[in-house]
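Below: one structure, written as structure tokens.
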Amino acid sequence: MSRTILLAAVPVIAGYALFQRRRWVAVLGMGLISFLLAVVYALQGAPDVAVAEAAIGAALVTFIYVLAIRRTGRLTVVAPELSGLLFRQQGELTGVESELLGRFAREIGLDLTVRFAPYDEAADTLRRGGADILAGGMVADVPHGGLPTEPYLPTRFYLVAAEGGAGEPMRYRDEERTLRATLSSRGRLELDLVRLLALTRIGLGSAQVAPMDEEAGYVFIVHAGRPDLQDRLNRFLDRLREADELRAMAERHLG
Amino acid sequence: MTAGVVTAVLLFAIAALALIVRRDLVFKLVALGLVNGSTVLLLVSLPRGIGSRPPIAAGAIPPTAADPFPQAYVLAAIVINFAVLALALVFVMMLVERYHTTDARRLEALIREEREAADAEGEDA
Amino acid sequence: MIAALIPLLHLLTSALCGVSGRMARWVAAASWAGSAGLIGLLATKVVAAGEVRYTLGGWPNRWGIELVADEPAIALLALLGLLHGCVYAFEWAGRREASFYVLLQVLVGAAAALTVSHDLFNIYVLLELMTLTSYLLVGFERRPAQLWASLKYLLLASFGMGLFLVGGAVVYEHAGTMNLGELAAVIRAAGDPPWVRLAGALLLTGVGVKSGIFVLSLWLPTAHASAPLAISALLSGVVVKMSVLEILRLAAIFPLAPAIWVLGAITGVLGAVYALFERDIKRMLAYHTLSQIGYALLALAGGSPAAAIAAVAYLVAHGLFKALLFLGTGLAARHVGSAHIGRLVAARDALPRTAVLALFVGTLGIIGWPPLDGFWAKELIGACCDSMATRVMLTVLALGTAASFAKLLPLFGVHRRESDECERGTANRGEMVAIGVLIAGVLFFGWSTPWWISGLRLSAAKLMLDAGRAVLIAGAGWLTYALLKKRWVALPRAIFSTEEGVLAVLLVFLGVWLAIGGGA
Amino acid sequence: MRPIDRLRIAAGALASAGFAAVLLLSIGRGEAGGETAEVIRLTATGAANRVASIVLDIRLYDTLFELFAFSVAVLGVRRFLRRTAGPAVEESLVESHVVRRAAYVLLPPMLVLGAYLACFGHLSPGGGFGGGAVAATGVLLVSVALGADLLAQRFRDERLERLEAVVLVVLLIIALIPAAWSRPLLANLLPPGQPGSLLSAGTIPIYSVLIALKVFAGAWAVVHFFVRHRGEV
Chain F
12 MSRTILLAAV PVIAGYALFQ RRRWVAVLGM GLISFLLAVV YALQGAPDVA
62 VAEAAIGAAL VTFIYVLAIR RTGRLTVVAP ELSGLLFRQQ GELTGVESEL
112 LGRFAREIGL DLTVRFAPYD EAADTLRRGG ADILAGGMVA DVPHGGLPTE
162 PYLPTRFYLV AAEGGAGEPM RYRDEERTLR ATLSSRGRLE LDLVRLLALT
212 RIGLGSAQVA PMDEEAGYVF IVHAGRPDLQ DRLNRFLDRL READELRAMA
262 ERHLG
Chain U
38 MTAGVVTAVL LFAIAALALI VRRDLVFKLV ALGLVNGSTV LLLVSLPRGI
88 GSRPPIAAGA IPPTAADPFP QAYVLAAIVI NFAVLALALV FVMMLVERYH
138 TTDARRLEAL IREEREAADA EGEDA
Chain V
8 MIAALIPLLH LLTSALCGVS GRMARWVAAA SWAGSAGLIG LLATKVVAAG
58 EVRYTLGGWP NRWGIELVAD EPAIALLALL GLLHGCVYAF EWAGRREASF
108 YVLLQVLVGA AAALTVSHDL FNIYVLLELM TLTSYLLVGF ERRPAQLWAS
158 LKYLLLASFG MGLFLVGGAV VYEHAGTMNL GELAAVIRAA GDPPWVRLAG
208 ALLLTGVGVK SGIFVLSLWL PTAHASAPLA ISALLSGVVV KMSVLEILRL
258 AAIFPLAPAI WVLGAITGVL GAVYALFERD IKRMLAYHTL SQIGYALLAL
308 AGGSPAAAIA AVAYLVAHGL FKALLFLGTG LAARHVGSAH IGRLVAARDA
358 LPRTAVLALF VGTLGIIGWP PLDGFWAKEL IGACCDSMAT RVMLTVLALG
408 TAASFAKLLP LFGVHRRESD ECERGTANRG EMVAIGVLIA GVLFFGWSTP
458 WWISGLRLSA AKLMLDAGRA VLIAGAGWLT YALLKKRWVA LPRAIFSTEE
508 GVLAVLLVFL GVWLAIGGGA
Chain R
350 MRPIDRLRIA AGALASAGFA AVLLLSIGRG EAGGETAEVI RLTATGAANR
400 VASIVLDIRL YDTLFELFAF SVAVLGVRRF LRRTAGPAVE ESLVESHVVR
450 RAAYVLLPPM LVLGAYLACF GHLSPGGGFG GGAVAATGVL LVSVALGADL
500 LAQRFRDERL ERLEAVVLVV LLIIALIPAA WSRPLLANLL PPGQPGSLLS
550 AGTIPIYSVL IALKVFAGAW AVVHFFVRHR GEV
């Protein structure tokens, strides 16, 4: 009897899950059906099949599908960690970008998730669709694999040379953590303002700093498949700029 | 005819319809998973294969036990279903990386455009 | 025992390729040599005894898995071994990564097991395993077009296998066995119960999705045309044929002949039409594979055992020249950067001589020019097939083939000016060996005709007459092409999307079920 | 919506309904053939669990190919997703200590259950595929609760890959051994023993454990790569 009730639920769930709009509902519907069927198998004298269906059909398949689909209701940001802009302090997320993105996410009704990664991996994740936004002090001077927003904060570039450093200078867009080591191995680096500040805090040592005359601004890079998100973020930043909140925010975090 | 057989056939038909109608690849793959799931249910619920007791006993098996053969068959079907779904998902992920969409018709159109561009080059030559 | 040993050897060496990545190429080559020897051994036994039966583990057939090596199985096994070797020779210098060899070994192992399998569920597992491995091999180079073609293939093939398994369930419910021999006995004993038609329609549709029937296998042209070179040759040359062999096995048990005839006719004509209007050579070859599958199905539907064997002979002949054409096209396309006929003709002075030779011999073979293999295979079918409708269809298809391949003629023209500034491409040694072996196969296939059908008598006069007819058809084909050249038609491509594919499968199932009298 | 889409929906609904009608009207009509009693007599291979004796003895040939289908899936996931490393550090803003604790508590029982299912598959429900997958589910639980990094540090893909291949080789060699005693291929050479005891059913428990090992390693690898590439569709 209980078996019949369980079985009757299966086509109903399938019909609902397959003909509505949310992808995660469809995936969870498949998992639920697998689970119900596993119970049915256990009840009709097929415990081996029940174990396999529960472990493989219900758990493993559902899990990889849930992992793979982009979480709706969540704004995923991937970034190299950088003090002042986007970084962790005593387990709390903080910085200009953290505040900006947090407010933006709240405004459009999404939860914010931030994943930190070195620049190359972060850009790759954005390109592959593993994140919605690439942040962490990006400047729209190279494609980055996504759509850049308008600049939210102006910046400048500085040529930093370690003692005796020669060779072609490299533009450094990576994490703060590896800044010092890269400088000593490469000799000369081009740094934006925030990264230069970070380096000063770590200790400039005997490095020479010379300003370059290139004007630039920090931007967010939005996933190429989300022009709608780029548009909303631009409008959000415009509003903040007009209310003069952007400058106040920068002063609060960067001094 | 058992309730399981009826359910299996209905599930197959619903999932097949979704495969035809839904354009999003995630829905298509879920539907494919359900098609294969329904064949598992069908085999295990065959009138001749069903029983109230599992076919497990150290000695002789009670006559009310289920037929073990369909059960052995579907174990393979479950594993193969997993393999199909995992591999299909991998290729979908790689297509999304390039085209930023899971819409089957858009993908078809984008890829056909690329091919026709290559063809036009050949016609010129 | 040998019949089981061949696939198990492939599986074992596939696992070994996985253990030692660097040695994979050599392990695979050794495995090929070993299995070639085993196939030879099995062939001598089959020729001596007619067929060799073996049940794994010594269990009764009703429950265990029975393997039957008969003449069709041996013919396709031999073709499989030959093409497998050619693929290795062709890819030898490429030094692919280990996973390529792992997948290829599993694919060939599953195909080899499929030729001899006599158990419905075993056939299901093997077909699925072949689907999975060819899926990965088609998408192996990660190009978007390959990935998409391959994904469509997986969706449709897996859906088709769902139907197949439902058919298997119906069979098990009523016959209590999955063994083909036992099943045939049960059906004979039970008269003609209605479930036989239902199961037959389900199984035929399921296998049909994988076997290149036009309305069912709409995934095939793009998948075969975009796969890596040597893989296209293997898939089109022999892997599709394994599913046709399963249709042959099903046709021996279920009353499917009318449905197979109709499907064969549709496949043959539409495949030929699409091939005719396609100017990318790789894609044209893929469409043409459909047309040729239709040719074999028409012969197979003739019903007599001799006709079935003639159909298999045609499949083998087709495997030889189709693999040759794919390899030749690929080799040429590699030097030009495109397989489009316009580009190839424009650059014909730069094409490697090996490629041009391969295309030339392949074209002659495929249009049935005497005395190449296509001619002999058509002779065999003609000798066993006595229905007038079938003969007409076969002639129409031969004409379509000749017209499609007339496109290639400008490639072989005598060069008016030998330009010195353009450098001719070359083939490496492995590629030359592969193409050489296939050319030999196409040239000398005729010698094997007495093995196919014992007691086949072809008088010299009839041979002369048929040879004349073959030349006439080739000429008529060329004329058709010359007439159509100026009236190019863009054929609809929308039917090749997945949605329509699944719909077509369901409709074909209903159609087949009605055609074989399931509604009665 | 274009007319062609409406047409497709209508045709699809008709075809699906037709399919369901044909099957519902003809499945189960006519009597079932064959005898179940014969099945039960035949499956006395010494394994109390008749399903295990079919999967790992009578139809072991199928199971070997099925295992290769699983391996091919793992190989595909590995090859196509291995290319790039995912983000190294995850800062998820929703994180609960209860979930962390639960994962630590649940992991050992899951692993033990998986091992039990595999080792006792010939006596009770379970078997290699189920056992391996259950154990992998435990690992997957940890990767959800503790973040992927903790597991990624312990994850040595090359070693797992090698292990999987070696398990396959060992399995096939065991399957081929009977030929050396001129017994049928894939025959169960070891004595059946006392049905119901742990050391019974000949080679069945050996296959079961090897398959579980392989499935566990493969499923772990698959989960690992999907965790690393999460949210990409």
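These protein sequence lines map, in sequence, to chains F, U, V and R.
Following my numbering, the numbering of the first sequence begins with 12 at its first residue and continues without gaps.
Following my numbering, the numbering of the second sequence begins with 38 at its first residue and continues without gaps.
Following my numbering, the numbering of the third sequence begins with 8 at its first residue and continues without gaps.
Following my numbering, the numbering of the fourth sequence begins with 350 at its first residue and continues without gaps.
Note that beta-carbon positions come from the ideal geometry of N, C-alpha and C, so glycine has one too.
Straight-line Cα distance separating residue j from residue i
| i | j | result |
| --- | --- | --- |
| Tyr183/F | Ala142/F | 22 Å |
| Ser441/R | Leu78/F | Low per-residue confidence applies at Ser441/R: pLDDT is 46, beneath 50, and the placement is therefore not dependable, though the value from the model is reported in the following sentence. So the two alpha carbons sit approximately 14 Å from each other. |
| Thr361/V | Pro200/V | 57 Å |
| Met8/V | Ile522/R | 15 Å |
| Phe419/R | Ala481/V | 48 Å |
| Leu132/U | Leu158/F | 19 Å |
| Gly435/R | Val280/V | Legend: pLDDT at Gly435/R = 49, less than 50; position of this residue unreliable, value from coordinates given subsequently. If you take the alpha carbons of Gly435/R and Val280/V, they lie about 48 Å apart. |
| Val512/V | Glu253/F | 60 Å |
| Gly140/F | Val582/R | 7 Å |
| Arg188/F | Ser94/F | 10 Å |
| Ala102/U | Ala164/V | 35 Å |
| Ala467/V | Asn129/V | 45 Å |
| Glu444/R | Val491/R | Low confidence applies here, because Glu444/R scores a pLDDT of 42, under 50, leaving its location unreliable and the question unanswered by this model. |
Element boundaries [beta strand (DSSP E), containing residue i]
| i | result |
| --- | --- |
| Val423/R | Per DSSP, Val423/R belongs to no beta strand (DSSP E); it is in the alpha helix (DSSP H), 409-430. |
| Pro228/V | Counting along the chain, Pro228/V falls outside any beta strand (DSSP E), though it belongs to the alpha helix (DSSP H) covering 227-233. |
| Asp287/V | Taken as a continuous stretch (DSSP letters only), Asp287/V belongs to no beta strand (DSSP E), as it is neither H nor E. |
| Leu472/R | Run containing Leu472/R: none; DSSP gives neither H nor E here. |
| Gly59/V | It should be noted that the sequence gives Val, not Gly, for residue 59/V. From DSSP, the beta strand (DSSP E) with Val59/V extends over 59-62. |
| Leu16/V | Per DSSP, Leu16/V belongs to no beta strand (DSSP E); it is in the alpha helix (DSSP H), 9-26. |
Residue range of the alpha helix (DSSP H) that includes residue i
| i | result |
| --- | --- |
| Glu510/R | 506-525 |
| Ala74/V | Note that residue 74/V is Leu in the sequence shown here, rather than Ala. Element bounds for Leu74/V: not the alpha helix (DSSP H) but the beta strand (DSSP E), 73-76. |
| His264/F | 256-265 |
| Phe127/F | First-last for Phe127/F: 122-127, but that is the beta strand (DSSP E), not the alpha helix (DSSP H). |
| Asp203/F | From DSSP, Asp203/F is part of no alpha helix (DSSP H) but of the beta strand (DSSP E) over 199-203. |
| Met149/F | From DSSP, Met149/F is part of no alpha helix (DSSP H) but of the beta strand (DSSP E) over 144-150. |
| Thr408/V | 395-412 |
According to DSSP, residues forming a beta bridge with residue i
| i | result |
| --- | --- |
| Val473/V | The sequence given here has Asp at residue 473/V, not Val. Asp473/V pairs with nothing; no bridge assigned. |
| Arg90/U | Ala102/U |
| Gln100/F | Glu103/F |
| Gln219/F | Ala172/F |
| Gly70/U | BP columns for Gly70/U are empty, so no partner. |
| Thr166/F | Ala227/F |
| Val89/F | Arg126/F, Leu145/F |
| His347/V | Asp287/V |
Residue i versus the options, residue with shortest Cα-Cα distance
| i | options | result |
| --- | --- | --- |
| Gly481/R | Ala63/F, Arg138/F, Leu39/F, His234/F | Ala63/F |
| Gly70/U | Phe107/V, Leu161/V, Ala117/V | Leu161/V |
| Leu413/R | Thr51/V, Val53/V, Ala120/V, Arg69/V | Ala120/V |
| Ser42/V | Leu90/V, Arg69/V, Gly64/V, Val75/V | Leu90/V |
| Ala128/F | Ile213/F, Asp185/F, Met149/F, Asp203/F | Asp185/F |
| Val269/V | Ala237/V, Phe221/V, Val245/V, Ser243/V | Phe221/V |
| Val42/U | Gly167/V, Leu144/V, Glu180/V | Glu180/V |
| Leu517/R | Glu507/R, Ala561/R, Leu430/R | Ala561/R |
| Ile119/F | Leu248/F, Arg263/F, Ile232/F, Arg243/F | Arg243/F |
| Ala28/F | Ala19/F, Ala20/F, Val38/F | Val38/F |
Contact test: residue i Cβ vs the ligand FAD heavy atom, cutoff 7 Å
| i | result |
| --- | --- |
| Ala364/R | The ligand FAD is not among the ligands present in this structure, which contains no ligands whatsoever. |
Would the region 29-44 of chain F and the region 64-80 of chain F be scored as touching if the rule is three or more Cβ pairs under 8 Å? yes
Does the region 430-441 of chain V come close enough to the region 307-325 of chain V that 3 or more CB-CB pairs lie under 8 Å? no
Counting pairs of beta carbons, one from the region 138-151 of chain V and one from the region 49-65 of chain V, are three or more of them closer than 8 Å? no
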